[in-house]
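Colleague: Residue numbers (full-length UniProt numbering): 1 to 106.
For glycine and all other residues, C-beta sits at the position ideal for the given N, C-alpha and C.
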Amino acid sequence: MTPARHLSPHLPRPQADAEALVWFAPTPTSRELVLAWTCDCLAIFFELIQSGGVAFIRRTIQDEREPVIAETHRWPLREAWLTWAAMLAGQVRVNGRGGVVESSGQ
Ligand SMILES: [Zn+2]
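#1: Considering residue 71, what are the terminal residues of the alpha helix (DSSP H) in which it resides?
#2: In chain order, what residues of the same chain lie with their CB nearer than 6 Å to the CB of residue 10, ignoring the 5 residues before and after it?
#3: For residue 6, is the beta carbon positioned less than 6 Å from some heavy atom of ligand 3?
#4: Near residue 88, which residues of its chain fall below 6 Å by C-beta distance, leaving aside the five closest residues on each side in sequence?
#5: For the alpha helix (DSSP H) that residue 86 lies in, which residues bound it at each end?
#6: When the Cα atoms are used, what is the spatial distance from residue 110 to residue 61?
#7: Distance check for residue 65 and residue 54, CA to CA, integer angstroms please.
#8: For residue 73, which of 20, 63, 41 and 45 has the nearest alpha-carbon?
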């Protein structure tokens, strides 16, 4: 067993009234800084990533062929941290469709 394993958080079950995060196909970014991450022992893991003055959450679904990656909106840093904290507290849902731009009008 690797000592560093499972030191990162695992997501709790979302609360019943948790709002769903909306996921989009990944957008190329320059100079990413990974601020925080969840444990990658699970099939899905999350990273909080800063790029310039904004930040977003990246969801990676580990697949045998290639990972499926989706990202949230870009937020101001403070808002991104608040959303990250809400995610770790089970206050947002993270298991919506991946890699697809969800239309808001339907
Ligand atoms: Zn783990």
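Modeller: The answer reads as follows:
#1: As a position in the sequence shown, residue 71 is number 71, starting the count at 1. Counting along the chain, residue 71 falls outside any alpha helix (DSSP H), though it belongs to the beta strand (DSSP E) covering 68–71.
#2: The residue given as residue 10 occupies position 10 in the sequence shown. Closer than 6 Å at the Cβ level, and outside the excluded window around residue 10, lie 39.
#3: Absence of ligand 3 from the depicted structure is noted, with ligand 1 being the only ligands included.
#4: Residue numbering aside, residue 88 sits at position 88 when the sequence shown is read from its first letter. Cβ within range, chain order: 9.
#5: Translated into positions along the sequence shown, residue 86 becomes position 86. Here the alpha helix (DSSP H) through residue 86 covers 77–88.
#6: Because the chain spans 1 through 106 in this model, residue 110 falls outside it and cannot be assessed.
#7: Stepping through the sequence shown from its first residue, residue 54 is reached at position 54. Stepping through the sequence shown from its first residue, residue 65 is reached at position 65. Those two C-alpha atoms are separated by around 31 Å.
#8: Within the sequence shown, residue 73 is the residue found at index 73, counting from 1. For the residues 20, 63, 41 and 45, the minimum Cα distance to residue 73 belongs to 20.
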